[in-house]
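To start, the structure under review is shown below, and the notes come after it.
Residue numbers (this note's numbering): 818 to 1031.
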């Protein structure tokens, strides 16, 4: 991968950043970029290096001089960046008739890769909610989970067939890792006939994210 037209490295004794270019090695603590395009181009290059290496580069940005030179000091880490889970694609509300086959899907990302589970939110007395971990003992419900489609992502599904009135309610996608957790929810509406489905339903869903520090 060609990073810039000119790349100069000052060798240091301490460990440092590894980049997409073979000229950027583990002994390079300082990288000097000279480019006809100041600012944005170098920032894009750094972001590309971070994605390519999976390293956590905490880089300090310094002003360019008249030659549009940018000096970057990188503080290396021996492990990947730790990121709390984020909802990439939340589940969407569903309206369907009894006997149908339906599914909810949820896509999340985080480092390390989050653990994804599904809950059904049960409304109790006095507005108190409780979580029913799925699939439980339901014969018409199955949970599937796979990694991807991108690195550190997980996609999960709730599959229901045949759909019954007891399956109506709010379902929560819950992702967690060492840094925190994130949730997203959607509702399944069960009707007798297709005529009962409103012409305008919308795709209402809610999602929350929490860090381990909260």
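Every residue gets a Cβ at the ideal spot worked out from N, C-alpha and C, and that includes glycine.
Keep in mind it's a predicted model, so treat the numbers as computed, not measured.
Threshold first: 3 residues or longer. Then list the beta strand (DSSP E) segments lying entirely within the region 930 to 978, N to C. Runs found: 932 to 940, 946 to 950, 958 to 964 and 970 to 977.
Reduced DSSP category for residue 996 - H, G, I as helix; E, B as strand; rest coil: Position 179 of the chain shown holds residue 996. DSSP, read as helix, strand or coil, puts residue 996 in coil.
Using alpha carbons as the reference points, say which of 907, 911, 918 and 930 lies closest to residue 900. Counted from its first residue, the chain shown places residue 900 at position 83. Ranking 907, 911, 918 and 930 by CA distance to the CA of residue 900 puts 930 first.
What would DSSP say about residue 982, mapped onto helix, strand or coil? One-based indexing of the chain shown puts residue 982 at position 165. In this structure, residue 982 counts as helix in the three-state DSSP scheme.
Would you check if the distance between the CB atom of residue 975 and the CB atom of residue 958 is smaller than 8 Å? On the chain shown, position 158 is the one that residue 975 refers to. On the chain shown, position 141 is the one that residue 958 refers to. Contact: yes.
Segment contact, 8 Å Cβ cut-off, at least three pairs: the region 941 to 949 with the region 900 to 915: Because the criterion of three Cβ pairs below 8 Å is not met, the region 941 to 949 and the region 900 to 915 do not touch.
Buried or exposed: which applies to residue 988, given that a residue is buried once 16 or more other Cβ atoms fall within 10 Å of its Cβ? Translated into positions along the chain shown, residue 988 becomes position 171. With 16 or more Cβ atoms within 10 Å of its Cβ, residue 988 is classed as buried.
Would DSSP call residue 987 helix, strand or coil? Working through the chain shown from its first residue, we reach residue 987 at position 170. Residue state, collapsed to three classes: strand.
Would you mind giving the Cβ-Cβ distance between residue 925 and residue 999, rounded to the nearest angstrom? I have them listed as a contact below 8 Å. Taking the first residue of the chain shown as 1, we reach residue 925 at position 108. Taking the first residue of the chain shown as 1, we reach residue 999 at position 182. Between residue 925 and residue 999 the beta-carbon gap is near 6 Å, inside 8 Å, which marks them as a contact.
Under a three-way DSSP split, which group does residue 924 fall into? The count along the chain shown starts at 1 and reaches residue 924 at position 107. Looking at residue 924 - three-state DSSP - the assignment turns out to be strand.
Rounded to whole angstroms, what's the CA-CA distance from residue 1008 to residue 898? Just pull it up for me. Here residue 1008 corresponds to residue number 191 of the chain shown, with the count starting at 1. Here residue 898 corresponds to residue number 81 of the chain shown, with the count starting at 1. Distance between the alpha carbons of residue 1008 and residue 898: 46 Å.
For residue 970, count the other beta carbons within 10 Å of its own beta carbon; 16 or more makes it buried, fewer makes it exposed. Which is it? Working through the chain shown from its first residue, we reach residue 970 at position 153. Buried, because 16 or more other Cβ atoms sit within 10 Å of the Cβ of residue 970.
Would you list the residues sitting across from residue 900 in a DSSP beta bridge? For the purposes of this step, residue 900 is identified with residue 83 of the chain shown, where counting begins at 1. Under DSSP, residue 900 takes part in a beta bridge, and its partners are 928.
By alpha-carbon positions, which one of 927, 956, 1011 and 984 ends up nearest to residue 966? Along the chain shown, read from residue 1 onward, the residue named residue 966 stands at position 149. Comparing Cα positions, the closest option is 927.
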